[in-house]
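Worksheet for the structure shown next.
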Amino acid sequence: MTAAVQPAAVADPARRVRWGWLFWAAVGVVALSVLAALTVRWIAPYEPSAQNLVDSGQGPSGQHWLGTDQLGRDIFSRLLAGARTGLIGPLVVAIGAGFIGTALGLWTGYAGGAVDSVVMRTIDLMYAVPPLLVAIVVVGLFGGGYWLAVGVLIVLSAPGDVRIVRAAVMAQRELPYVAAARTVGVGPLRIAVRHVLPNVTPTVVANVLLQFVVGLIALSGLAFLGLGVEAGSPDWGLMVAENRGILDLNPWAVIGPAVCISLLAIAVTVIGDRVYEVLSQRTAAR
Amino acid sequence: MTLTAYALRRIAAILIILAVLSLLVFGLLALMPGDPALTLLGPKASTPEALAAVRERFGLNDPFLTQYARWVGNAVRGDFGESIYSGDAVTTLIADRVGVTAWLAVYALVLTVLVAVPLGLAAGTRTGSRTDRAATAVSLITLSAPTFAVGFLLIYVFAVKLDLFPSFGAGDGFFDTLWHMTLPAVTLAAGQTAVLLRQTRAATMDVAERDFVTFARARAISSGRIRQRYLLRNASLPVLTSAGLLLAYGLTGAVLVENVFALQGLGTLLVRSVAQLDLPVVQGLAMFTALLVLLTNLVVDLLYFALDPRLRRAAVAS
Amino acid sequence: MRGFTRRSAIALALVAALGVAACGGDDDSSGGGGGAGVEVDKMVWAIQSPVQSMDPAIMADVPTLRAQTAAFDRVLSIDNNGVVQPWIASKFDTSDPLKLVLTIRDDVKFWDGTAMTVDDVVYSIARHVGPDSTSMQSFNFAAVTSVEATDASTVTITLAAPDPGLPAKLSVWAQVRQQKYDEAAGEAAGGSDKPGMGTGPYSITSYSSADGVKLTRNDSYWAGKPKVKELEFKVIGDPDTARLALSSGEIDGFFDVPLIATRQWDELENGTMSYVAGAYNDFLSMNVTRAPFDDVNARTAIGHLIDRAGLLGPLFNGKATVAQSVVPAIQMTATFGDDGAKKMYEAIGALPEFSIDKAKEALAKSATPDGFTLDLAVDTSQPWMSPLAQHLAENAKQVGITINVKQVSAADWGAGLLDPAGSPLQLVALGAATPWAGELPPVILGTTAGFPLAGYGDEAIDGLVGQVAQAATVDQLRQPLQDLLKGATADLPYLPLFDEQVATAIANKFVWEGGYAYYALSQAWPLQLGGAG
C-alpha cells in the first residue's frame, strides 16, 4: 500500500505558518520513543528479556504496570525496548529509500534520455508487484532476518521517491532560473544539487517521513507473520503475534504494542504533513 | 493518437514487463539455498531414485535458459505446474481462492469509494472546516493503525462483544458472503480510505483554486452545482488512478486481513506456500499477481485516456 | 524425509502391540457402525491447517489424516486400548515374523457400487512399498519386500526383517483406494478433481485444499451406516477464531486444540473439551558427534538450563507432564503397568534438574568452559517451541552460552533436523501410534536408527536397540529397554521435555461414543459420532 500516498497538499498560503499543538504533540511522541530506545537499559523497571515463570501471564499490577507475557516478562519494559526496532528499521528504510530515490530522481529527471527510460521502466516493473508480497516471498524463501526485510523495503520504497523527485525536477528544469544557470555555464550536477534540490526538498522530506510510516507498518506486519525479527525480541509487531494466545489473561500484552505502533505512525505522519506545508510555504515565499 | 494505438502501445509495454518479471520469478528456484531437486521434491522421501526422477521431470540437468524457456512455454499456456505438496495444479489452487480475494478487494473498494470520495470532496472544498479536520484526523488514524490491529479490534467489538458479524469464513451465496465479508472488507478499507481521502481532498483543493471555479462562484452558481459540475468531474481523474491502484493492491495485498479473518484467499495461499517452500505455487502466484496489477493499471489508464480530452490531445501532439 | 514429526505426519515406526498390551482384545469400540447417539443431518469439524491431499502417499500431516481417515477404510484398525483389530482384513496372522497374512472381507463395496477386490487391497499397500515408490510413507514399509494376492481373499506381505509394528502401520497408511480410479486419474489422484474412490463410511462430495472437505454418508457401508449424514471439514488457522465459531454454532468440533489455548476453550458453554494422554513426546536433541556436544558435560549443562516443571503452566496450560524418558509416559504405563513403569523410571535414573549454578559447574568441566554459540530452529506452527527456546536462550545467556532462536516454517524445521550441516541443537516432537514402549527408541537411538538425530550409538547400544526393536513380549522388552534408557539418561543425547495431551472440542449437540480416543486416526472414527438427541 505504499504507492498512492501523497502528503496532504498545501492549505491557503495566506495563512500564517504555525506549527500547531498537534505537531508538537507528535514531536513529543517521537521524542519519547527515541528517549525510550536510548535509555531503556536504565529506565526500564525490569530487564526486558528477564523471565519469571511464576508470574507468567499476569494482568497489570503495581509490580508489573502492564502485566507480563507467557514467560513472565514485563510488558512495560518490553514496550520501551521495542522502540529500538520500531525506530531503527523504519528510519533506515526511509533514509535509504529517500537517498537512493532522490539521487536517481535527480539524475533521471535531469539527464533524461536513455538513463531515464531504463530507470523508469525498471520502476514500472517494481510497481507490478506489491511490496509487502515481495518482502514476504524474499524473506520467507531465503530465511533472512530483520535486516534483509529492511533491505528489501528500501529497494521497494525507492521508486516512489524517484517518481516524485523526477517529476519535480522536470518541472523545475524548464524554469527560467535553471535555464539562466545553464547559460552561464553551470554544470548539470551543480544545477541539480545547488538549484533544483533545494526546491524539491519539502517533497523529499515529507516523503521520507511518509516512508518511515510505511516502513514501520510493513516491518511490524512482517513481524506479525513471523518474518523478520528474531523470536523473543522485544518488537512491537512480534509482541502482538506472540501474545495473541494470552489475550484473555493479559490483554495489555497485545493492546500495548498495537497502540505503540499506531501512535508512532500517527505522530510521524502528522510531522510529515506539517513539515511539507511549512517548508513549501517557505520555499514559495523565497 | 487513437485509443487503440495507445492501448496497443501499453499492452506491448506490459508484455515486456511480464517477460522480465518471469525471468526473475523463475530465477527464484536457482537462487534458493540448497539443491533445486530437493526443493521441488518437497516432503517426499529423498531417495536417490526420487531425486533423479525429479531432475528428469523438471529437466534440472538442462541449461538454465532451456529450463526457463520450457517454463515460460508452459506458463503461456496456463500451466504453472503442480504444488509440490498437494499435487494440485497451481492454476486450480489459484482459481479456488481468487473468488474470496476478489470479493474482499471489490467490497473493500466499494466501501472505500463510498466513504472517501464524499468526505474528501467536502474536506477539499472547505479546508480548515470542522469536516476537514475530522476527515484528516480519521485518515491519520486509519492510515497509521496496523491492519492486524484494526482486524482484531473489529473482531473483538463486532463479533465477540456485540455478536453482529461472524469472525471467520467466507459464507455461501451472495448475502451470506456479504455478511461474512463485512468485517474483513472494513478492515481492508480502513487503510485504503485514508489514502483515497487524502487524494480526493488534494485533488479537490487543486481544482477548487482554478480560475473556472472562481468564475463559477462569481456567477453565483450554487455550491452544490459547482461541486457536481466542476469539482467532481475534474477531481475524478486522480481519484480514478488511486482507486485503480487500490483495487490492484487489494486483490493481492490483503495478506494480513486474510490471515486475521482465516479467509482462504490468495494471501493465505502465498504465506503458506512460502512457508512450505512450495515454489511452483509461489511462482504462479507472483506472475498472476503481476498480471492483475498490470491489467488493472491498463484499464485505469485507458479510462483516463478516454475520459480526459486533454490527455488525448497531448498524446496526439507527442 | 521431512514427514515424520507430529505436525507433518503422525507416527513413524509404528510398532504393534500385537495383543500384548495390558488390556485384552475384547473391546469393540472401534468396530460396528451406528452405535452412538441419534441421527443428525450435518456435523462440521474445524482443523487448523488445510487438508493437503486425500491421498496419504502424497501428504499425511495430522489435519490431513483426519479427513482421509473419515473417508477411506484402512486394512486394519487399532482399538481404544491400542490393540490392533481386524477391519477390511477380517483376520491377520503374524505367526511367522517374516510374513503377514491378511484375510480380506468379501462384502466390501466401493462408493460407486463396484465390489472391492483383493487386487485393490494389494494395490493400496504395495504403492507404499519398494525403492520405486513415490509414496511419502515408503520409509514406514522399508522392511517389506513384497505384497501379493495369494488367492481371491488372501494377501501375503513378505518381510526382509521382522517388523512387529507392521499391523499398526497398516491401520493408518494402508488406506484402501480403488486401483482403477487412481490409474485413470494419474497424477491428479488425491487432488481436488480426483480425490479418490474408497470404501469408507463417507464418500467425498467435494474436496479442495482451500474450501476443505465435504463428505456424504455411505448408506451401504459394510460396517453399518454412521449417524451423521454429512460431515464437513473447514480450515480455521487461529484457535481463537475457531472458538468463536464453535460458540456461535458455525462449527461443531475442533481437532487438536493447541494446549495453551485450552484455558479459554474450557469456558465454552455449548461445547465440551476432551483431553486424552497422547503418545506425543517433545525433546531436545544434542548431536553427540559434533562440538560442543561431543562432551557430555556440555549436554548436561543444557539439561540444567530448562525449568521443565515451571513451563508446564505457561506453555501447555498444565495439560502436559514432564517427560522422564524418550518413551512417552502412556506407553510406559500401558506396557509395564503403573508399578512396572515406576520401577523402570527408578532404574533409568533422573534427568538433570533446573539449576543455573549446576549448569555453570557442568560447563566449567566441559571442553568449552567459556560457553559456545548455537542456532536453535523453532517451528512456528507448534506454539510451545518458540517460548521454550526463548526460555532456554535467556537462561543460557547467564552461563555464557549464546543460543540464537530462529523462527522457521514447519518445512524448514523438518529439513533442518536431518541436515548434517545444520545446528547440533534441535527441538523435536514425535508422535507414536501405539501404546508399545518399544516403538520410539529404535527410531532415534543407535546407529541403525531411522532418524539418528543425535548420532548416538555404538556396538553395545545397537545391540540393545536391536533387542528392543524385535521384542514381541513385555518380558522380552523390559531389560533391554531399561538398559538402553539408563544409558541414554546418563549420556543425554536427548533431553526429554514434555508428554503432551491431545485436546478435542465437541459441541454439546453431538456425542462421541466412548469419548475421543488417542487412536482415532487408526479407526473409522466417524462411526462413533451422533446427535446428543
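Order-wise, the sequence lines are chains D, G and B.
Here the first sequence is numbered in the numbering used here, starting from 128 and rising by one per residue.
Here the second sequence is numbered in the numbering used here, starting from 20 and rising by one per residue.
Here the third sequence is numbered in the numbering used here, starting from -15 and rising by one per residue.
Where a beta carbon is used, it is the ideal one built from N, C-alpha and C, also for glycine.
Being a predicted model, the structure only gives us computed values, none of them experimental.
In the three-state reduction of the DSSP assignment, Ser183(D) falls in the coil class.
Val486(B) is the residue among Gly498(B), Leu513(B) and Val486(B) whose C-alpha sits nearest the C-alpha of Asp240(B). A direct Cα-to-Cα measurement between Gly447(B) and Leu461(B) gives close to 13 Å. Straight-line measurement puts the Cα of Ser148(G) at about 51 Å from the Cα of Val392(B). The Cβ neighbour count for Asp147(B), taken over all protein chains shown within 10 Å, is at least 16; the residue is labelled buried.
Closer than 8 Å to the CB of Pro115(B) there is at least one CB belonging to chain G. Interface annotation, Asp243(D): not in contact with chain G, CB-CB separation never under 8 Å. For Pro299(G), the enclosing alpha helix (DSSP H) begins and ends at Leu298 to Leu326. For the pair Gly143(G) and Leu27(G), the Cα-to-Cα distance works out to about 37 Å. Rounded to whole angstroms, the gap between the alpha carbons of Met120(B) and Pro40(B) is 7 Å. Straight across, the Cα-Cα distance linking Gly189(D) with Val157(D) is about 27 Å.
By the Cβ rule, the segment 213 to 221 of chain B counts as touching the segment 21 to 40 of chain B, because three or more pairs are nearer than 8 Å. In the structure shown, Arg58(B) falls within a strand segment according to DSSP collapsed to helix, strand and coil. Taking 8 Å as the cut-off between beta carbons, the residues of the segment 172 to 185 of chain D near chain B are Ser176, Ala177, Gln178, Leu180, Val181, Ser183 and Gly184, in sequence order.
When Cβ-Cβ separations below 8 Å define contact, Tyr104(G) makes contact with chain B. Taking CB atoms only, Asp250(B) has no neighbour in chain G less than 8 Å away.
Contacts between Glu357(D) and chain B, judged by CB atoms closer than 8 Å, involve Asn388, Val389, Lys390 and Gln391 in chain order. Short of 6 Å from the beta carbon of Phe482(B), and not among the five residues preceding or following it, lie these beta carbons of its own chain, in chain order: Asp266, Ala304 and Ala307.
Within chain G, the residues Leu159, Leu162 and Ser163 have their CB atoms less than 7 Å from the CB of Thr396(D), given in chain order. Here Gly147(D) has Arg401 as same chain residues with Cβ atoms under 8 Å from its own Cβ, once five neighbours each way along the sequence are excluded. As DSSP reads the structure, Tyr191(B) sits in a beta bridge with Val197(B).
Not a single CB atom of chain D sits nearer than 8 Å to the CB of Leu282(G). Cβ contact annotation for Leu469(B) (same chain, cutoff 6 Å, sequence separation greater than five): Ser309 and Ile332, in chain order. Here the segment 274 to 282 of chain D makes contact with the segment 336 to 349 of chain D; the two share three or more CB pairs at distances below 8 Å. Sixteen is the threshold: since fewer than 16 other Cβ atoms of the shown chains lie within 10 Å of the Cβ of Glu301(D), the residue is exposed. Using a Cβ distance threshold of 8 Å, Leu82(B) and Leu154(B) do not count as a contacting pair. Looking at the backbone, the Cα of Gly97(G) and that of Thr111(G) are separated by about 10 Å. Annotated three-state conformation of Ile373(D) is helix, per DSSP. Residue range Ala73 to Asp77 is occupied by the beta strand (DSSP E) that includes Asp77(B). DSSP places Pro480(B) within a strand segment (E or B) once states are collapsed to three. With respect to the 8 Å criterion, Trp397(B) and Phe300(B) are not classified as neighbours on the basis of their beta carbons.
Counting along the chain, the unbroken alpha helix (DSSP H) around Ala306(D) starts and ends at Pro303 to Thr310.
Where Leu513(B) is concerned, the enclosing beta strand (DSSP E) starts and stops at Leu513 to Gly515. Taking a beta-carbon distance threshold of 8 Å, Gln36(B) counts as an interface residue toward chain G. According to the DSSP secondary-structure assignment, Ser130(B) is paired through a beta bridge with Thr142(B).
Ranked by Cα distance from Leu43(G), the first of Leu60(G), Leu57(G) and Leu84(G) is Leu84(G).
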